[in-house]
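Numbering (the working numbering), first residue to last: 15 to 96.
Just so it is clear, CB atoms sit at the ideal spot from N, CA and C, and this is done for glycine as well.
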């Protein structure tokens, strides 16, 4: 029982670490999007903007929320079993 408890704790810590890294990356990409200077129009009339950074920012922020929920559920289930 003790070995499976340790494995569960390692998995929970890994999920929490991934969630934290995803949140930091999402916020960093959001800051990059804002700091990139906004939208401009090039010589041929096309809009030039860093849309990829905004999309990835939302993806990583929402992923961090999902990983936080998964980590919380795993911890609640582990505590309930013991």
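{"query": "Separation of residue 36 from residue 74, as counted between CA atoms", "result": "5 Å"}
{"query": "Beta-carbon proximity of residue 29 to residue 88, cut-off 8 Å", "result": "yes"}
{"query": "Residue burial classification, residue 40 (beta-carbon count within 10 angstroms, cutoff 16)", "result": "buried"}
{"query": "From 58, 56, 65 and 59, residue whose alpha carbon lies closest to that of residue 48", "result": "65"}
{"query": "Residue range of the unbroken alpha helix (DSSP H) whose run includes residue 79", "result": "65 to 95"}
{"query": "Burial state of residue 81, where buried means 16 or more other Cβ atoms lie within 10 Å", "result": "buried"}
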